[in-house]
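*Asks:* Taken in order, the sequence shown gives residues -17 to -1, 1 to 145; the numbers are from mature numbering (1 follows the signal peptide of the UniProt record, and there is no 0). Encoded as structure tokens, here's the structure I'll be asking about.
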Amino acid sequence: MRYLFSLMLLIIFPLQAEVYKCTTNGSTTFSDQPCSDNAERIEIKTTPPATVDIETQQEITQEFEEESRISEIKALNQENDELVLEINRIQKQSETDLEALREKTYELDDGRMATSDPTVFGDMNQVIADTKQKTEELKERIRVNEERLETLHQQVLTEEKP
């Protein structure tokens, strides 16, 4: 990354665009092309940045990239923590909903469950299915975040190698 940046600086700085100064009716304009026969070519002298300046900029860029990675890692970890809490909340709500539905049932002598409300068992199945779907979606988000975290950690390890 550093070498690419340095190479780009060395290539870009020697390139110069031509600049022309034109004065028409007392008005002065500057352009990259001659605007009339009396256009004056302006010579812009540039000097490449000192090696110290390039190295300083590279260090700043590297620090920024590192801080950015650290910030992203913290955000992903926080999001995963929140997703785990959301999964726990959904599961507790599911247990509460199922318990409320179980109260509408009774047990027969042979151990089977029965109810006078024909929708109770369907409602129980729906609560279970909804809970499963929601928790699987959240677990998938956690998995994606974990993959991104692994990528970020690999980047850190790669940059630490001499």
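We put the beta carbon where it would ideally sit given N, CA and C, even for glycine. Everything numeric in this text was worked out from a predicted model, so none of it was measured.
Pick helix, strand or coil for residue -5, following the three-state DSSP scheme.
*Replies:* Caution is warranted here: a pLDDT of 49 is assigned to residue -5, below 50, making its placement in the model unreliable, and the coordinate value is therefore given only provisionally. Coil at residue -5, not helix or strand.
*Asks:* Which two residues bound the contiguous alpha helix (DSSP H) that contains residue 14?
*Replies:* Residue 14 -> not in any alpha helix (DSSP H); beta strand (DSSP E) instead, spanning 10 to 14.
*Asks:* Within 8 Å of any Cβ in chain D, is that where the Cβ of residue 60 sits?
*Replies:* No chain D is part of this structure, which consists of one protein chain only.
*Asks:* Distance, Cα to Cα, residue 55 vs residue 21?
*Replies:* For residue 55 and residue 21, the distance between alpha carbons rounds to 56 Å.
*Asks:* By how many angstroms is the C-alpha of residue 63 removed from the C-alpha of residue 125?
*Replies:* For residue 125 and residue 63, the distance between alpha carbons rounds to 6 Å.
*Asks:* Take the Cβ of residue 84 as the centre, count every other Cβ of all protein chains shown within 10 Å, and call the residue buried at 16 or more, exposed below.
*Replies:* So residue 84 ends up on the buried side.
*Asks:* Given a cut-off of 8 Å, decide if residue 79 and residue 87 are closer than it, judged by their beta-carbon atoms.
*Replies:* No, these two residues do not count as a Cβ contact at 8 Å.
*Asks:* Note down, in chain order, each residue of its chain lying with its Cβ closer than 8 Å to the Cβ of residue 3, except the 5 sequence neighbours on either side.
*Replies:* Hits under 8 Å: 13, 14, 15, 16, 17, 18, 22, 23, 24, 25.
*Asks:* Assign residue 131 to one of three DSSP states: helix, strand, or coil.
*Replies:* In this structure, residue 131 counts as helix in the three-state DSSP scheme.
*Asks:* Whose CA, out of 89, 72, 103, lies closest to the CA of residue 115?
*Replies:* Taking only the C-alpha atoms, the option nearest residue 115 is 72.
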